[in-house]
Structures are given as C-alpha cells and as structure tokens.
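Position 460 of the sequence shown, counted from 1, bears residue number 478 in our numbering, the numbering being contiguous throughout.
Inspection log for the structure reproduced underneath, given as structure tokens.
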Amino acid sequence: MPFFGSRSNWHLLRLVTVLSLGVAVLARLGDGKWVDLFPIALLALLAALWLKPAIYARLEYHITSQPKRSPSWLITVAATAWLASLASGLVTFLFSRLTHSNDLPLSIWLIDLLLSILLVAIVYDQTHLAKSEDQKRPRNLWPFLIFFAFGLGMAWKALGYPMTWDDLHLIRFFPADTLHSTWTGYWDPDRIETPGYRPLTTAFNHFRYILFREDVVLHRVFLVGLYAAFLARTVTIAQRFGLAWQFGVVGGLFAFAARQSVYHYVWLSDGIHLIQALLVVQTLFLITEAIKRHEGVYFVYAAVFAGASLLVREDNLILVPLALFMSLIYLRFLDAPTSVRRATYVFCFGLVVAALSFYLLRNHLIEANSSTLGLEGVRNIAVLTFFGFTGGQRFDALSGFFITTWPLVLLLCAMLLIKLVLEGRGRPSLLWFAVTVITCSVGLINNRANLLVFSMTAFSFFLATIIAALWAKRQLVQAAVCLVVAVYLAGTLYISQTAIETFHPSADNVVYWNAEFVYGRHSHAATIPEQRAEAIKQQLAAFNIYSAADIPPAYQLSHSYTDGSDTFSALVNQAMRQGIRRPANDGRFFVPLLGVFTP
C-alpha cells in the first residue's frame, strides 16, 4: 500500500501549509499572547489547509512548464506562494472581522510567505508530480448548505437567549496557566462539572469565547455550522456505503429536527458534543478515504483526528468500535487488496492501544472515575434514541398524535427491515441499524439525555435507508412516503420548537440554574465574567430573587407545585395556577410545557 500514492504533491503541499503557517504562528506568538490569538491562528491554519493546496494545484502547470531552478521558475514559485498566502490572509482577516477576535500580526504572514516559497520550491524540485485529482473532484456543498439553512430556522427564536447554567462559567477566557493545567488534571478548574480528562474541551470553550465574546447569536450560528458540517460529512460516508446523497439529507434533517437534538445548538456549553461528533466522523471519513484510495497517508490524518477526539471527551471512546466495524465493512464492500487490509488492521490495532492508553491515563490523572459501566445506561440511551424524535411528554392534542403514533412508525420500519433483508436488499439498513446499536453503548460511559448526537444521527440515517428502499417502488408508494416523511418531520419540528422554550431566560429551570450559580450552591466556586454575572443578577432581580434564601435548596424541574415558602417556589406555584406555560413578550416567569432532560 503506497503511502502518498499518485497524489504526493497534494499531501506534501498540505504539509507545507502546516509547517509554514504553523512555524510562523509559533515564532510570533511565543511571547505569552497565544491565549488571545490562537483561535484566529487555528482558523487561519484550517483555511490555509484548504486554500493553499487548491491554489498550488490550479497553478501547477505554470510551475512545471518552466525549466527547473531557472529564474522564471523561481519567480513563478514565489508568485504562487505569495498568492496562496494572500488568499489565506484575506480569509483570516474576514474571520476576524466577523468575530470579535484580534487580527494576526503582519509578521506572521511575512514569515509564512518566506517559508512557503522555500518549501514549495523544494517540493516541486524534488518530488515527481502527478496531476492532482482534487482539482477535478466535485465538492458537493449542497448538504452543508441545506443543513445550515435548516438549522438556522430551527434555532431562530433561541438565537438571542442569554447564556445559562454551565455556560456561565465554562465559556469564558482562561489564563494560560489554567489551560496548561487541564493537560495534567481536571478540565473544569472550578471543579463543578463531572470529573474528566478533557483538555481540548476547555481549549474549545476558550477558543469560541475569544472569537465571539458575549455575542450569543454568533455563538449559536457557529454551533449550527458545526452541526451542519457534521451531518454533511456523515452524508459523504453514507454515500460510500451506497446511500444517495438526497436520502442522506433526509436522514440529516430528521436528526437535526429531533427533540433530543435541541441541546446541541441552543445550550451553548452542550455544543462541545458537535466538536466531538465532527472529529469522530472525520476520522471515519479518513479511514474510508485511505481504503478507497489505497494511500496510507490518510491513516496518519485519521490518527490525528482520533487523538484529538479522545482529548475532547471520554465519550469518544465510541470511536473504537465504530472504526473497527465500519472499516471492516468497507473493506468487504470494496473488496480491497491484501496490502490495504493489512494497513487497516494495523491502524485499528493502534487505535485500540491508543484508547486503552487514554483510559489508563485518564484514571491516573483524575481522582474520581465518572464512568459507571453497566447495561442500564445502554438501555436508557437506546430508549431515548428510538423515541427521541418526539419524546414522551405530550402537551396538547397535536403532540399527543405524534407521540402516540410514533411507535407504529417504528414497528413499520422493523417490518420493512425484515422484508428488505429477506429480499437481499437490506445491507444499507442493517449497517446503519448496527451503527445505532454500537453508538448506544455510549451509555456504558455516561447516561444522559444530551449524549445522543451519535445514536440519533445513526438512527436517522437508518430511517433514510428505509425511505430510499421504498422510493424504488411505484409512484403511489413514493407519494405515500413523501406524505409520511413530511408529516413526521413537521411533527418533530413542532415538538422541538416547544422544547427550545425550556432555555428561555424566563423559564423556571433557567431562573433556578442561574440563581444557583450567582447566589446558591455554585456561587462560591464558579468563575463567571463580571459583565455576565451582573446581567444575571439584574434578570433575577426582575423576579425578586436577590439571595440564596429566595430559592429552594433543591428543585427537580418536575413542573409541579412546590411546597417551599421562598420567592422561587411562589413563582412556580403562581405560574401553575394561572396556566402560564409559554414565554410572553413581557418576560413573565413561566413553567415550560416540556421538561429538561426528560424522555
């Protein structure tokens, strides 16, 4: 199995991007200012990874048509490197204008340009160049654009909701020494959250705060973009296993619209699950890319993404069984040669070793082990997954219809799966059903309703394979499929839009969470930016909450009457008596129709 294959120039030019811009950033940001500038520097590097090789590939003819090492050849190399660095710099400048981040110093771009000229000259002088396939390969952005537009519509009414609960102390500026400490200990310096070894989670929270500061709208637009990118990449993987991209888009829309997916783009701190999902799915994509192209360099790329995913959350240990299963299936799907099979087996073995090493390191660095291995968590995650599109809480006749009839949809899908298997056409559906079962094993590590990003997505794509199989039938069947899909997509949208209201600033749970952080049990430990803390206190003052005495010691968010004599309990009881269950323009306190973290 060749390492670079026929596209050695493409991979080497990617390496040039990492070296030139990476060295330039390290050289310029070594004075202690990196905590302010590394987010935009990382975005610059990501932009360059895409832009620079593309520009080199398109101008390759002009370089190779000149006699090597001639003055005209050197001028052409320098001009190409200058154009690539300029394009990367302009895109980065646009990023910095759209966000609240600082601009990178001009000296970075000068160092990047000089290194690029040197390294690109070496690449084109020493490497045998084959024509790059990437400049001809279509890059279908339609799934991403569809998901992004759909996601903005889903999150529209919540875009301006202020930060709440974990957001208050997790999404902020972290000093350099704090960021360093997360590599040898707890990811949460306040020691409030679940213990874990998640250094890149803290880095990501710092990253987005530097970019967007207190602008919650940009924060949520960013999360919608991450969700869209994750689903679009999943569509690409589904295509490789035989699912047309149009049906992949249908599956992605179901995942985005599901009630249990609301957390990821409305609750800001929960957006970390989108980063972990994107890293995992990109790892799987690179594994299939290595198998498809017979190029070992993609396994190196996959190893980088896999390592990063494990450093985000321990839930990403789910990557190990996913990679093993999907790589073995894809090897058989393509009937890959022996060399490719061996390289894949070696990579998967290395992934298992890396995961075990990570788990041992985590248990060594973190005193409390938050993992509770047991099948009960798997069962709960499975139930939440299969019923997560509508949930189980009915709040009116329309929601009751969808909740009552959803088990019939599941039964119909099960019957269709059996029929497809008997007909010999059930492989795609079996694949995604198996992936759903594998991803439900995340319950072995954590058992929470907001950990369904993998299993909900996999089950959505399973439904998409059923729809795709039915689409091959007569036009009458196609019309019926369109009707059912449209009706239940509308139903999940309706329920999800109601679920979003649980994060409204006047909702009972939000008021209680915020009071806990500024007056209650977390007030002494939580590090909250001063501007944000003052805004929360003003919000609570509107409800006559000024101290810990105004809230009960515990509130189970059961949306029922309370027997406390404090101000918060009086607000809950009044809202329940008057039937105030939806947000109003006057900002009155209300008890949402749907509970948080409930089936």
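All residues carry an ideal CB built from backbone N, CA and C; glycine is no exception.
heavy atom of the ligand GDP below 7 Å from residue i C-beta
i      : result
Ala167 : As for the ligand GDP, it is missing from this structure, which has no ligand bound.
For residue j and residue i, believed in contact at Cβ under 8 Å, the rounded distance
i      : j      : result
Thr35  : Leu61  : Actually they do not touch by this definition, with Cβ atoms about 13 Å apart.
Ser447 : Gly269 : Wrong, their Cβ atoms sit about 12 Å apart, outside the cutoff.
Ala256 : Met474 : Incorrect: roughly 15 Å between the Cβ atoms, too far for contact.
Trp285 : Phe521 : 6 Å
Val609 : Ala588 : That belief does not hold up - the Cβ atoms of Val609 and Ala588 are roughly 13 Å apart, past 8 Å.
Val330 : Thr219 : 6 Å
Gln440 : Ile484 : Note that residue 440 is Leu in the sequence shown, not Gln. Actually they are not in contact, since the Cβ atoms of Leu440 and Ile484 sit about 14 Å apart, beyond 8 Å.
Gly409 : Ile513 : 6 Å
Leu402 : Gln294 : That pair is no contact at about 18 Å.
Phe404 : Leu428 : 6 Å
His282 : Tyr245 : 6 Å
Arg550 : Leu186 : 6 Å
Own chain partners of residue i with C-beta closer than 8 Å, once the 5 adjacent residues on each side are dropped
i      : result
Arg466 : Phe615
Trp531 : Thr182, Trp183
Thr510 : Phe272, Ala275, Ala276, Arg277, Phe407, Thr408, Phe420
Leu296 : Leu244, Ala247, Phe248, Arg251
Contacts around residue i, its chain only, beta-carbon distance under 7 Å, and the 5 residues preceding and following it disregarded
i      : result
Gly260 : Pro446
Leu481 : Gly269, Phe272, Cys431
Ser134 : Val34, Ser38, Ala99, Ala102, Ser103
Ser524 : Pro601, Gly605, Arg606, Phe607, Phe608
Lys86  : Asp143
Gln411 : Leu612, Gly613, Thr616
Glu151 : Caution applies to Glu151, whose pLDDT of 48 falls short of 50 and renders its modelled position unreliable; the model cannot decide the point.
Rounded C-alpha distance that separates residue i from residue j
i      : j      : result
Phe111 : Phe56  : 14 Å
Trp205 : Asp143 : 46 Å
Leu229 : Pro547 : 16 Å
Arg397 : Val298 : 23 Å
Ser541 : Phe535 : 5 Å
Val371 : Ile305 : 17 Å
Ile421 : Phe407 : 9 Å
Ile456 : His198 : 34 Å
Ser417 : Ala504 : 15 Å
Leu132 : Val502 : 59 Å
Leu612 : Phe168 : 23 Å
Pro71  : Trp28  : 6 Å
Thr454 : Ser565 : 46 Å
Pro193 : Leu507 : 44 Å
Phe22  : Glu313 : 6 Å
Ser69  : Val138 : The sequence shown places Leu at residue 69, not Ser. The alpha-carbon atoms of Leu69 and Val138 are separated by roughly 14 Å.
Ile73  : Ala65  : 12 Å
Lys154 : Ser106 : Residue confidence is low: Lys154 scores 44 on pLDDT, short of 50, so the model does not pin down where it sits. No coordinate-derived value is stated.
Ser389 : Ala341 : Interpretation of Ser389 is limited by its pLDDT of 49, a score under 50 that renders its predicted location unreliable; the figure taken from the coordinates is listed afterwards. Going by the C-alpha atoms only, they are around 22 Å apart.
Pro156 : Gly538 : Any reading at Pro156 is ruled out, since the residue's pLDDT is 46, under 50, leaving its predicted position unreliable.
Tyr363 : Leu352 : 15 Å
Ala247 : Gly325 : 20 Å
Arg380 : Arg216 : 9 Å
Ala497 : His118 : 48 Å
Gly171 : Gln556 : 30 Å
Gly203 : His382 : 9 Å
Gly666 : Ala320 : Here the chain comprises residues numbered 19 to 617, so residue 666 is not present and cannot be evaluated.
Pro425 : Ser287 : 32 Å
Spatial neighbours of residue i in its chain, beta-carbon cut-off 6 Å, leaving aside the 5 residues before and after
i      : result
Gln84  : Ser90, Trp91, Thr94
Leu335 : Ala373
Leu328 : Asn334, Phe376
Arg258 : Thr306
Val528 : Thr182
Thr585 : Asn562, Ile563, Asp568
C-beta atoms of residue i and residue j nearer than 8 Å
i      : j      : result
Leu292 : Leu241 : yes
Phe323 : Thr301 : yes
Val141 : Leu31  : yes
Arg209 : Ala543 : yes
Phe265 : Ala97  : no
Ala553 : Pro213 : no
Ile129 : Ala45  : yes
Ile189 : Ser114 : no
Val280 : Pro161 : no
Val318 : Leu369 : no
Ile309 : Ser345 : yes
Phe343 : Ala452 : yes
Glu332 : Ile463 : yes
Arg251 : Phe303 : yes
Arg238 : Ala173 : yes
Beta carbon proximity, residue i to chain D, threshold 8 Å
i      : result
Val505 : Here there is only one protein chain, and chain D is not present.
Ignoring anything shorter than 4 residues or poking outside the segment 464-488, list the alpha helix (DSSP H) runs there in chain order. Runs found: none.
Could you name each continuous alpha helix (DSSP H) segment of 4 residues or more that falls completely within the segment 215-252, going from the start of the chain to the end? Taking only runs of at least 4 residues, the alpha helix (DSSP H) segments lying wholly in the segment 215-252 are 217-230.
List, from N- to C-terminal side, the beta strand (DSSP E) runs of 3 residues or more that fit wholly inside the segment 328-404. Entirely contained in the segment 328-404, not one beta strand (DSSP E) run reaches 3 residues.
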